[in-house]
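Each remark here refers to the structure printed beneath this line.
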Amino acid sequence: MLIRDILEESGKKFSDITAVKWLKKKEILERSYRELMENVQTIRAGLVKKGFDGKHIALIGNSSVEWIESYLGIITGKNVAVPLDAGLPAEDLTELINRSDAEALFLSPKESKLLDEILEKCSGLKSIWMLQEEAFSASDELSEKALRNDIKLSDLTEFLSEKADNSGDASGRPEKDDVATIIFTSGTTGKSKGVMLTQNNLAENVISVDYEAEPGSVLLSVLPIHHAFCLVMDWLKGFSLGATICINDSLLHMVRNMSVFKPGVMLMVPLMIETIYKRISGADPSVPKEVLAEKVFGGNLHTIFTGGAHLDPYYIDQFAEYGVEVLEGYGMSECSPVISSNTVKVHKPGSIGKPLSNVEISFDNGEILVKGSSVMSGYYKMPEETAETLKDGWLHTGDKGYMDEDGFLFINGRVKNLIILSNGENISPEEIENKLALGELVGEVIVTGENNGLTARIYPEQEVVQAKGFNEEQIREELQSFIDGYNKKQPTYRQITGLVVRKNPFIKSSTRKIKRQEVLIDEPAE
Amino acid sequence: MKQEMQFKTIVAQYCEVKPEEMTNEMRFREDLGFSSLDFMSFLGELEDTFDVELEEEDALQVVTIGEALELLDRLVEE
Chain A
287 MLIRDILEES GKKFSDITAV KWLKKKEILE RSYRELMENV QTIRAGLVKK
337 GFDGKHIALI GNSSVEWIES YLGIITGKNV AVPLDAGLPA EDLTELINRS
387 DAEALFLSPK ESKLLDEILE KCSGLKSIWM LQEEAFSASD ELSEKALRND
437 IKLSDLTEFL SEKADNSGDA SGRPEKDDVA TIIFTSGTTG KSKGVMLTQN
487 NLAENVISVD YEAEPGSVLL SVLPIHHAFC LVMDWLKGFS LGATICINDS
537 LLHMVRNMSV FKPGVMLMVP LMIETIYKRI SGADPSVPKE VLAEKVFGGN
587 LHTIFTGGAH LDPYYIDQFA EYGVEVLEGY GMSECSPVIS SNTVKVHKPG
637 SIGKPLSNVE ISFDNGEILV KGSSVMSGYY KMPEETAETL KDGWLHTGDK
687 GYMDEDGFLF INGRVKNLII LSNGENISPE EIENKLALGE LVGEVIVTGE
737 NNGLTARIYP EQEVVQAKGF NEEQIREELQ SFIDGYNKKQ PTYRQITGLV
787 VRKNPFIKSS TRKIKRQEVL IDEPAE
Chain B
161 MKQEMQFKTI VAQYCEVKPE EMTNEMRFRE DLGFSSLDFM SFLGELEDTF
211 DVELEEEDAL QVVTIGEALE LLDRLVEE
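From first to last, the protein sequence lines stand for chains A and B.
Number 812 marks the last residue of the first sequence (the numbering used here); no jumps.
Number 238 marks the last residue of the second sequence (the numbering used here); no jumps.
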């Protein structure tokens, strides 16, 4: 099965239904399934015409109709889409563009500030298209740089203007085992890994998640589109059902947009549920629950699917009082992404639901292992990491858990070093430690996840302390100012919000490695 | 003054600190325990309550209560 098969069927069945809605200032704009599929086909054919067939093509930007049409234009042909996190620093993005061997890039106009560095460093790129339907005018400096580096700089009009003379779809259909997309995920070695998902991986996940909805059901997409959970479950699953997917323009406006679009269903990470709960519980207690539910949830919300991190079951009961059912699931990019989920019919609070019908589960010393048609083919150009994770067809999740007598899966710990924040972001502490270690006053550093944020525990470099004659207060000030500088360049989920200045070096193992499990105990935060 | 109290009442929804105990130097993330999303949601609530429009990039640079109040004052005046 291909994603293209699913989309083509939706295009036929739901042609007049609205597929996507979004806000431009205060006006709501929309695209029908017919219009969406026309644009997808035009971009797919256009890519082939321009010589991109079987190539890797990156995308950088927040959710937009242009982003999703371009993404689908890539993966419904033989090209491979590489969605990247627009919030990453430019140096990380250019590294990922190069490491994924991308030959073209779709870039959101909001991220045009990245152009200079991308043009400078990504010599493998041949074309960049700005994700806009109006002509893009680059500065003379950028145009010259693009010309000098042999990169064509343009926009979507290059595709969409050819719609009129669409002489048929020249692109071939991909095979079901062809890689459709590469999604980057935090690695435990400090280097993010490109998860290769095939056409069949994605399509099987879309089909196997047990959720039915009437065509035209309204879904509000609030998660970052480069994440597998959002991409596959909001967008691909939503399109398979003929849903109308509304785009949340900013996390600042999530609650306001719930009133604007009045969704019935939303996908959230636990952090969002916690934040909305604060807003509900902080409201005037004399306001009746129905009125508050209408104000906060928009009036039609009945179901929230959550995943990416563990949710305290307390919230499930609390939200039920406002008529909203919260269903928790479990997944990871490597599994396209859903592995198990509570469903409308079958659920148990505190569990992460029953495994999908295409998933087999096993345990190795308590670690959850997964086998099935949605399991990735491997990490891009990382044979060692692939071999460590995929053994005899079983994917080692790094999570510890168990299955109860009714077949519900539960998680109770982790094998790997990753920090899972309640916004669903997986943080590799080593990746951040490597960056913080560059500070001249940073002798040793360990990053830990505490109070739903990241804390840096730093043992100051004693030579610098002595040379500069710093006292304790000055050390703290200097380190905080170094961290503030680091934070400014990072997406919010990678920012350090706690600082512990250590008086003693970390306890090390016999191989001189810091013992991570001891760092919270031997010098706790004051 | 009324604006400042209203502002602090909104802040108090997201943390354990009472409005009267808040100082301008307090940092949203580190001192008040705001998560990244609490802060975004709080900014959205400021927009709705005071009928102002924040530039997301500028607003996310705000670290302390004092800075947020200053930004709000500026926007309300405009």
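Each residue gets a CB set at the ideal place from its N, CA and C atoms; glycine is no exception.
Everything numeric in this text was worked out from a predicted model, so none of it was measured.
Sequence-distant residues of the same chain with beta carbon closer than 8 Å to A:D302, five excluded per side: One-based indexing of the first sequence puts residue 302 of chain A at position 16. So the list reads S318, Y319, R320, once near-sequence residues are dropped.
Which whole-angstrom value describes the C-beta separation of A:V465 and A:L483, a residue pair presumed to lie in contact below a C-beta threshold of 8 Å? Looking up residue 465 of chain A in the first sequence gives position 179. Looking up residue 483 of chain A in the first sequence gives position 197. Contact holds; Cβ gap of about 7 Å.
Identify every residue that forms a DSSP beta bridge with A:C621. Sequence index remark: in the first sequence, residue 621 of chain A carries index 335 (1-based). None, per the DSSP bridge assignment.
Assign A:F696 to one of three DSSP states: helix, strand, or coil. Translated into the one-based positions of the first sequence, residue 696 of chain A becomes position 410. Three-state DSSP puts A:F696 in a strand.
Any Cβ of chain A within less than 8 Å of the Cβ of B:D208? In the second sequence, the residue the question calls residue 208 of chain B occupies position 48. Chain A contact via Cβ: present.
Alpha carbons only, please: which of A:I404, A:T530, A:A421, A:G347 is nearest the one belonging to A:K431? For the purposes of this step, residue 431 of chain A is taken as the residue at position 145 of the first sequence. The shortest Cα separation from A:K431 among A:I404, A:T530, A:A421, A:G347 belongs to A:I404.
Could you give the distance in angstroms between the alpha-carbon of A:I638 and the alpha-carbon of A:E352? Here residue 638 of chain A refers to the residue found at position 352 of the first sequence. Here residue 352 of chain A refers to the residue found at position 66 of the first sequence. Those two C-alpha atoms are separated by around 34 Å.
Indicate whether at least one CB of chain B lies closer than 8 Å to the CB of A:R565. Position 279 of the first sequence holds residue 565 of chain A. For A:R565, the answer is yes, since a Cβ of chain B falls inside 8 Å of its Cβ.
Name the two residues that bound the continuous beta strand (DSSP E) containing A:L439. Against the first sequence, residue 439 of chain A aligns to sequence position 153. Element bounds for A:L439: 438-441.
Does the ligand SAM have even one heavy atom less than 7 Å from the beta-carbon of A:V701? Of ligands this structure carries none, so the ligand SAM is not represented either.
Sort A:K364, A:K312, A:V805 by Cα distance to A:R330 and report the nearest one. In the first sequence, counting from the first residue as 1, residue 330 of chain A sits at position 44. Ranking the options by Cα distance to A:R330, first place goes to A:K364.
I'd like the ranges of any beta strand (DSSP E) spanning at least 3 consecutive residues and lying wholly in the region 716-776 of chain A. 728-736, 739-746
A:N757 beta carbon less than 8 Å from that of A:V555: Looking up residue 555 of chain A in the first sequence gives position 269. Looking up residue 757 of chain A in the first sequence gives position 471. Their beta carbons are not under 8 Å apart, which means A:V555 does not touch A:N757 by this criterion.
Taking 8 Å as the threshold (beta carbon to beta carbon), is B:G226 in contact with chain A? Here residue 226 of chain B is taken as the residue at index 66 of the second sequence, counted from 1. For B:G226, the answer is no, since every Cβ of chain A falls outside 8 Å of its Cβ.
Between the CA atoms of A:L417 and A:G689 - distance to the nearest angstrom: Along the first sequence, one-based indexing puts residue 689 of chain A at 403. Along the first sequence, one-based indexing puts residue 417 of chain A at 131. First, the amino acid is wrong: residue 689 of chain A is Met here, not Gly. Cα to Cα, the separation comes out at about 45 Å.
Would you check if there are 3 or more beta carbon pairs closer than 8 Å linking the region 529-537 of chain A to the region 786-795 of chain A? no
With a threshold of 8 Å between beta-carbons, can A:V541 be considered close to chain B, or not? Here residue 541 of chain A is taken as the residue at index 255 of the first sequence, counted from 1. Yes, A:V541 counts as interfacial toward chain B.
Distance cutoff 8 Å, beta carbons only. Does A:G739 sit that close to anything in chain B? Locating residue 739 of chain A in the first sequence gives position 453, where the first residue counts as 1. Yes, contact with chain B.
Bounding residues of the alpha helix (DSSP H) (the contiguous stretch that carries A:R317): In the first sequence, the residue the question calls residue 317 of chain A occupies position 31. First-last for A:R317: 313-318, but that is the beta strand (DSSP E), not the alpha helix (DSSP H).
Integer-rounded CB distance, given that A:L553 should sit under 8 Å from A:L522: One-based indexing of the first sequence puts residue 522 of chain A at position 236. One-based indexing of the first sequence puts residue 553 of chain A at position 267. Contact doesn't hold; Cβ gap of about 12 Å is too wide.
When you check each C-beta in the region 162-190 of chain B against every C-beta of chain A, which residues fall closer than 8 Å? A172, Q173, Y174, R189, E190
State the beta-bridge partners of A:Y616 as determined by DSSP. Here residue 616 of chain A refers to the residue found at position 330 when the first sequence is read from its first residue. Its beta-bridge partners are A:S626.
N- and C-terminal bounds of the beta strand (DSSP E) containing A:E295: Indexing the first sequence from 1 puts residue 295 of chain A at position 9. Looking at the DSSP string, A:E295 is not in any beta strand (DSSP E); the run it does join, the alpha helix (DSSP H), is 289-299.
Nearest to A:V750 by alpha carbon, out of A:A390, A:I602, A:L727, A:I343? Looking up residue 750 of chain A in the first sequence gives position 464. Looking at the Cα atoms, A:L727 is the closest of the given residues.
Inter-stretch contact at 8 Å, needing at least 3 Cβ pairs: the region 735-752 of chain A / the region 704-724 of chain A: yes
So, helix, strand or coil for A:N712, using DSSP? By 1-based counting over the first sequence, the position of residue 712 of chain A is 426. Three-state DSSP puts A:N712 in a strand.
At 8 Å on the CB atoms, spell out the chain A contacts of B:D233, in chain order. Indexing the second sequence from 1 puts residue 233 of chain B at position 73. By Cβ distance, chain A contributes nothing, its closest Cβ being about 19 Å from B:D233, past 8 Å.
Tell me the DSSP secondary structure of A:S386 in three-state form. Position 100 of the first sequence holds residue 386 of chain A. A:S386 falls in the coil class under three-state DSSP.
What residues match up with A:L309 in a beta bridge as DSSP calls it? The sequence position of residue 309 of chain A within the first sequence is 23, counting from 1. Answer is A:I314.
Determine which residues of the region 783-796 of chain A have a Cβ less than 9 Å from any Cβ of chain B, and write them out in chain order. T783, G784, L785
So which residues of chain B does A:Y497 contact, with C-beta pairs closer than 7 Å? Taking the first residue of the first sequence as position 1, residue 497 of chain A is located at position 211. By Cβ distance, chain B contributes nothing, its closest Cβ being about 25 Å from A:Y497, past 7 Å.
Neighbour list for A:G568 in chain B, Cβ cutoff strictly below 8 Å: Counting from one through the first sequence, the residue named residue 568 of chain A turns up at place 282. Correct list: A172, Q173, Y174.
May I ask which residues mark the beginning and end of the beta strand (DSSP E) holding A:N369? Counting from 1 along the first sequence, the entry for residue 369 of chain A is found at position 83. With the sequence shown as reference, residue 369 of chain A is identified as Pro, and Asn is not the correct amino acid for it. First-last of the beta strand (DSSP E) with A:P369: 366-370.
So B:L214 contacts chain A; which residues on that side make the cut at Cβ distance below 8 Å? Here residue 214 of chain B corresponds to residue number 54 of the second sequence, with the count starting at 1. Chain A residues near B:L214: L538.
Against chain A, does B:D211 count as a neighbour if the rule is that its beta carbon must be under 8 Å from one of theirs? The residue you call residue 211 of chain B lines up with position 51 of the second sequence. Not one chain A Cβ lies under 8 Å of B:D211.
Taking C-beta to C-beta, are A:R802 and A:I697 nearer than 8 Å? For the purposes of this step, residue 802 of chain A is taken as the residue at position 516 of the first sequence. For the purposes of this step, residue 697 of chain A is taken as the residue at position 411 of the first sequence. The answer is no: Cβ separation not under 8 Å.
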